[in-house]
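>
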Amino acid sequence: TREWQLVRRPHGEPVDEDFALVSMERPDPAPGEVVVRTLAMSVDPYMRGRMNATRSYAPSWELGETMQGGAIGQVVDSRSDEVPVGALVLHGLAWRDVAVVPAAHVSVVDPLPGLPLSLYLGVLGMPGLTAWAGLFRLAAFAEGDAVFVSGAAGAVGSLVGQFAKLRGASRVVGSAGTAEKVAWLGEIGFDAAFDYHAGAVADLLAEAAPDGIDVFFDNVGGEHLEAAIGAFRTYGRAALCGSISGYNAVSAPPGPRNLSLVVGKRLSLRGFIVGDHADLRPEFVAAVSGWLQDGSLVARETVVEGLDSAVEAFRSLLGGGNTGKMVVRLAPD
Ligand code: NDP
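This is the structure we're talking about:
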C-alpha cells in the first residue's frame, strides 16, 4: 500500500517537504477487520491543526505516522460477518490507497443513484452535518433571519447559505476569495456576496447587508468575526465553526476589537465541534437527501485525481483552490 505520512511539522504554510508518500506491506486483516480499497478521500482544514505539536481539538499527528481522515471505499477482503466483501463503507483512515480497519469503525453506505459516492465526504457527511448543526442548533436560525456566512463558497459555507435560503431566510450574504466564487454564490441563491479582498470586510458587509444580520456562521475568524459583530442586530447569534484565516499563522492573530458590543447587542457567540452533534444526523440526512433528489440543493465538488496529488489538494484547499468540497479521487465509483 502507499500512504502519506507527516515527516516534519509545517511552519506556517505547509510545503511538500513536510510530507512523504511511503510504500509498505499491507498487514493481513485480523479477525473482525476489513480491508478497504479507497475510492475517494477527504482533505479538510482541521487537518492543519493536527500537523502542529500543540493539541487542537483533534490530537496531533506524530511524525512518521500515516495521516488520517474521512474516506469512502470498497471492502476487498473481510474477516467480519457484518461487513462483507463488496460493501461500500465510510471510515476514518484516509491518506492511503488501502486501509485495514476494524469493521466496528466503518459505516456501510448505500450507493447514490446517479450521484458520486464522494458526496458522503461532503454534503452527506461531516461538512454537511457541520453546516446543519451550526446553523440550526448553535445559531438557532429561524425563518426570516438575515444570515451572513464567511468562507461561503467552501464545503460547509455553501451548504449553510443554501440551507438558510431553503428554510426561509430573509437575506443570505456570503464572502469568498475570488470573483468566480462570488458569481457562483449568486447562482446557488445567495442574495448578495463579496470578495473579501476587495476592501475592509466591515464596509463590504455593510453594503451587502445594509439592514444588519441576525445570524453569522463563521468559517474564517479574524476580520470577518469583527465585521459580523459590528453588523449584528440585537440578539444576534453566531455559530463559530472555524477560523481558517489563522490556521497557518505563526503568532496569535489579534482578537476582534469590538467585543464590547456583544453586551449591548445581547449577542451569543457559540463555538462548536460537529462530533458533539451526531444526534442530529437522522434529521439532517432526511432533509438533505430530499433536497438533493428534488434538485433544490447544489452539492459542488472540486475533484483532484490520484493519491499522489493528495498533499497538493490539501495545500490547494488552504489556499482557496476549491469551490464546494475538495475531494481526492483514487478510483472511479
Ligand atoms: P472549505 O471548503 O471552506 O475550504 C477552505 C476555504 O477557506 C478555502 O477554499 C478558502 O476559500 C478559504 N480560506 C483560506 N484562507 C482564508 C483566509 N485567510 N481568509 C478567508 N478565507 C480563507 O473548508 P470546509 O468547508 O471543510 O471548512 C470550513 C471551515 O469550517 C474551516 O474553518 C474548518 O476548520 C471548519 N470546520 C469546523 C468544524 C467543526 O466541527 N467546528 C467541522 C468542519 C469544518 P476562499 O477562496 O474563499 O478564501
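Just so it is clear: in the sequence shown, position 233 is 237 by UniProt numbering, and no numbers are missing.
Glycine is no exception: its CB is placed at the ideal position from the N, C-alpha and C atoms.
What's the call for R241, buried or exposed, on a 16-neighbour Cβ count within 10 Å?
Here the question's residue 241 lines up with position 237 in the sequence shown. With 16 or more Cβ atoms within 10 Å of its Cβ, R241 is classed as buried.
> Comparing C-alpha positions only, which one of D20, P115, E7 and R6 sits nearest to R319?
Position 315 of the sequence shown, counted from the start, is the residue given in the question as residue 319. Per the Cα distances, D20.
> Examine the Cβ distances between the stretch 26–38 and the stretch 101–112 and report whether three or more of them are shorter than 8 angstroms.
yes
> Going by the C-beta, is N326 closer than 7 angstroms to any heavy atom of the ligand NDP?
Start at 1 with the first residue of the sequence shown, and residue 326 comes out as number 322. Yes, since a heavy atom of the ligand NDP falls inside the 7 angstroms radius drawn around the Cβ of N326.
> Hey, could you find the ends of the alpha helix (DSSP H) L229 is sitting in?
Start at 1 with the first residue of the sequence shown, and residue 229 comes out as number 225. Here the alpha helix (DSSP H) through L229 covers E227 to A235.
> Say the cut is 7 angstroms; is the CB of I192 nearer than that to a heavy atom of the ligand NAP?
This structure simply doesn't include the ligand NAP; it includes the ligand NDP instead.
> In whole angstroms, what separates the C-alpha of A44 from that of G148?
In the sequence shown, counting from the first residue as 1, residue 44 sits at position 40. In the sequence shown, counting from the first residue as 1, residue 148 sits at position 144. Rounded to the nearest angstrom, the gap between the Cα atoms of A44 and G148 is 38 angstroms.
> DSSP state of A143, grouped into three classes?
In the sequence shown, counting from the first residue as 1, residue 143 sits at position 139. The answer is coil: DSSP assigns A143 none of H, G, I, E or B.
> For the alpha helix (DSSP H) containing L265, list its first residue and its last residue.
For the purposes of this step, residue 265 is identified with residue 261 of the sequence shown, where counting begins at 1. Here the alpha helix (DSSP H) through L265 covers L265 to G268.
> At a threshold of 7 angstroms, does F236 count as lining the ligand NDP (C-beta to nearest heavy atom)?
Here residue 236 refers to the residue found at position 232 when the sequence shown is read from its first residue. It does not: the Cβ of F236 is nowhere closer than 7 angstroms to a heavy atom of the ligand NDP.
> For the alpha helix (DSSP H) that contains Q166, what are its first and last residues?
Within the sequence shown, the letter at position 162 stands for residue 166. Element bounds for Q166: A159 to L170.
> Considering only DSSP beta bridges, list what L10 is partnered with.
As a working note, residue 10 is residue 6 in the sequence shown. DSSP, once it has assigned bridges, lists F23 and E69 as partnering L10.
> Can you name, in chain order, every residue of its own chain whose Cβ lies under 6 angstroms from the Cβ of R175, other than the five neighbours on each side?
Within the sequence shown, numbered from 1, the residue matching residue 175 stands at position 171. Answer for R175: A150 and D195, listed in chain order.
> Using 7 angstroms as the cut-off, classify the Cβ of T58 as near or not near the heavy atoms of the ligand NDP, replying yes or no.
The sequence position of residue 58 within the sequence shown is 54, counting from 1. Because no heavy atom of the ligand NDP lies under 7 angstroms away, the Cβ of T58 does not count as near it: no.
> Please go through the same chain and pick out, in chain order, the residues whose beta-carbon is closer than 7 angstroms to the beta-carbon of S300, but skip the five residues on each side of it.
Residue mapping note: residue 300 aligns to position 296 of the sequence shown, counting from 1. So the qualifying residues of the chain are L170.
> My assumption, with CB atoms under 8 angstroms, is that residue 1 sits in contact with A156. Please give the rounded CB distance.
In this structure the chain extends from 5 to 337, so residue 1 is not present and cannot be described.
> Report yes if the C-beta of D195 is less than 7 angstroms from at least one heavy atom of the ligand NDP; otherwise report no.
As a position in the sequence shown, residue 195 is number 191, starting the count at 1. No; taking the cut-off as 7 angstroms, the Cβ of D195 has no heavy atom of the ligand NDP nearer than that.
> Is the CB-CB distance between residue 3 and N56 below 8 angstroms?
Nothing can be reported for residue 3, as the shown portion of the chain is limited to 5 through 337.
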